[in-house]
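Chains A and B supply the protein sequences, listed in that same order.
For the first sequence, the positions run 1 to 112 when our numbering is used.
For the second sequence, the positions run 113 to 228 when our numbering is used.
Everything below concerns the one structure shown next.
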Amino acid sequence: DGGITQSPKYLFRKEGQNVTLSCEQNLNHDAMYWYRQDPGQGLRLIYYSQIVNDFQKGDIAEGYSVSREKKESFPLTVTSAQKNPTAFYLCASSIGPNTEAFFGQGTRLTVV
Amino acid sequence: AQKVTQAQTEISVVEKEDVTLDCVYETRDTTYYLFWYKQPPSGELVFLIRRNSFDEQNEISGRYSWNFQKSTSSFNFTITASQVVDSAVYFCALSSGPGGSYIPTFGRGTSLIVHP
Chain A
1 DGGITQSPKY LFRKEGQNVT LSCEQNLNHD AMYWYRQDPG QGLRLIYYSQ IVNDFQKGDI
61 AEGYSVSREK KESFPLTVTS AQKNPTAFYL CASSIGPNTE AFFGQGTRLT VV
Chain B
113 AQKVTQAQTE ISVVEKEDVT LDCVYETRDT TYYLFWYKQP PSGELVFLIR RNSFDEQNEI
173 SGRYSWNFQK STSSFNFTIT ASQVVDSAVY FCALSSGPGG SYIPTFGRGT SLIVHP
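Structure below.
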């Protein structure tokens, strides 16, 4: 089935560690996005990529990094510089930036 | 800059009641796109509808209907005869360009609770 796969579903991180969240899509979409969701905050854009080997910072990029080496993959690394990383992370893709997005099931990251 | 406001944080209704979720948007661009998504407890957002700024025709899909009014910058969503399965968080989103580069901005969401 076509879709977006995020892994893992739950992730625990010790303070000071970097962790990488996986996002893979087989929809042949050019655009991919990472959002962070906190209670009462809605979805806030971390990074987006409209084409392979290119990505742009969103509203809250500090403490995060991404890569887009393949069309299908857009991993997000939460670095130790991110002071408050506990949140629900959603990956999405779309044909283009003004079309509807398809979302993965999310990764819930908790700092322990 | 683009902005989406969903003033209703949480709405609670009893099954079979009609409910309207409000969405007010701001953009300086004349070309823009509006979306509604549903987020059930499982967490994955599901796309419901997309509307462009040149099409103000209202739309109905089963129990769902959308009212787009450019005069008030609103894109409201009505569920008729609500059901328990409608319980979810609903997000309104806007993408506009060139300032927004057509990257979608989401509202804070409205949590709808439908009681049996």
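Every residue, glycine too, gets a C-beta built ideally from N, C-alpha and C.
**Asked** Quick one: does glutamate 100 of chain A have its CB under 8 Å from some CB of chain B?
**Response** So yes, glutamate 100 of chain A belongs to the interface.
**Asked** Are the beta-carbon atoms belonging to glutamine 25 of chain A and methionine 32 of chain A less than 8 Å from one another?
**Response** Going by C-beta atoms, glutamine 25 of chain A is nearer than 8 Å to methionine 32 of chain A.
**Helix, strand or coil at lysine 70 of chain A according to DSSP, with G and I counted as helix** = The three-state secondary structure of lysine 70 of chain A, taken from DSSP, is strand.
**Prompt:** Cβ atoms of asparagine 18 of chain A and threonine 113 of chain A: under 8 Å apart, would you say?
**Reply:** Because residue 113 of chain A is not part of the residues shown, which for chain A are 1 to 112, the question remains open.
**Item:** Cβ neighbours of isoleucine 95 of chain A in the same chain (closer than 6 Å, five flanking residues each side left out)
**Value:** Cβ-Cβ distances below 6 Å link isoleucine 95 of chain A to His29 in the same chain, with the five nearest sequence neighbours on each side left out; the list follows chain order.
**Request:** Find the nearest neighbour of lysine 46 of chain A within the set A:Phe12, A:Asp38, A:Thr5, judged by alpha-carbon distance.
**Result:** Here the sequence assigns isoleucine to residue 46 of chain A, which means lysine is not the residue at that position. The candidate whose alpha carbon is nearest that of isoleucine 46 of chain A is A:Asp38.
**Message:** Counting C-beta neighbours from all protein chains within 10 Å, is the total for aspartate 130 of chain B 16 or more, i.e. buried, or is it exposed?
**Reply:** Exposed.
**Prompt:** Since alanine 200 of chain B is in the beta strand (DSSP E), which residue starts that stretch and which ends it?
**Reply:** Its beta strand (DSSP E) spans residues 200-208.
**Prompt:** Anyone know if the C-beta pair for asparagine 170 of chain B and cysteine 135 of chain B falls short of 8 Å?
**Reply:** Note that the C-beta distance between asparagine 170 of chain B and cysteine 135 of chain B is not below 8 Å.
**Request:** Indicate the three-state DSSP secondary structure (helix, strand or coil) for lysine 83 of chain A in the structure shown.
**Result:** Note: lysine 83 of chain A maps to coil in three-state DSSP.
**Message:** Any beta carbon of chain B sitting closer than 8 Å to that of tyrosine 10 of chain A?
**Reply:** Among the CB atoms of chain B, none fall inside 8 Å of the CB of tyrosine 10 of chain A.
**Request:** Would you kindly work out how many angstroms separate the C-alpha atoms of phenylalanine 147 of chain B and glycine 219 of chain B, rounded to a whole number?
**Result:** Inter-residue distance for phenylalanine 147 of chain B and glycine 219 of chain B is about 10 Å (C-alpha atoms, whole angstroms).
**Request:** Would you please verify whether the beta carbon of glutamine 82 of chain A is less than 8 Å from any beta carbon of chain B?
**Result:** Contact of glutamine 82 of chain A with chain B is not assigned, every C-beta pair being separated by 8 Å or more.
**Message:** Taking the straight line between their C-alpha atoms, what separation do you get for valine 125 of chain A and glycine 2 of chain A?
**Reply:** Outside the shown range of chain A, which is 1 to 112, sits residue 125 of chain A, and nothing can be said about it.
**Asked** Taking 8 Å as the CB-CB limit, is glycine 219 of chain B close to chain A?
**Response** Chain A, which has a Cβ nearer than 8 Å to the Cβ of glycine 219 of chain B, makes this yes.
**Asked** Can you name the residues of chain A whose CB is closer than 8 Å to the CB of serine 225 of chain B?
**Response** It should be pointed out that residue 225 of chain B corresponds to isoleucine in this sequence rather than to serine. Correct list: empty, because the minimum Cβ distance to chain A is about 15 Å.
**Request:** Could you tell me the distance, in whole angstroms, from the CA atom of glutamine 195 of chain B to the CA atom of serine 173 of chain B?
**Result:** Rounded to whole angstroms, glutamine 195 of chain B to serine 173 of chain B spans 15 Å at the Cα level.
**Message:** Would you say tyrosine 145 of chain B lies against chain A (beta-carbon separation less than 8 Å)?
**Reply:** At least one chain A Cβ lies under 8 Å of tyrosine 145 of chain B.
**Item:** Which listed residue (A:Glu15, A:Trp34, A:Arg13) has its alpha carbon closest to that of serine 22 of chain A
**Value:** For the residues A:Glu15, A:Trp34, A:Arg13, the minimum Cα distance to serine 22 of chain A belongs to A:Trp34.
**Prompt:** Cα separation between alanine 87 of chain A and threonine 107 of chain A?
**Reply:** Taking the straight line joining both Cα atoms gives about 8 Å.
**Prompt:** Based on the DSSP output, what are the partners of tyrosine 137 of chain B in its beta bridges?
**Reply:** B:Val116.
**Bridge-paired residues (DSSP) for tyrosine 89 of chain A** = Beta-bridge pairing links tyrosine 89 of chain A to A:Arg36, A:Thr107.
**Item:** Residue range of the unbroken beta strand (DSSP E) whose run includes glutamate 122 of chain B
**Value:** First-last of the beta strand (DSSP E) with glutamate 122 of chain B: 122-126.
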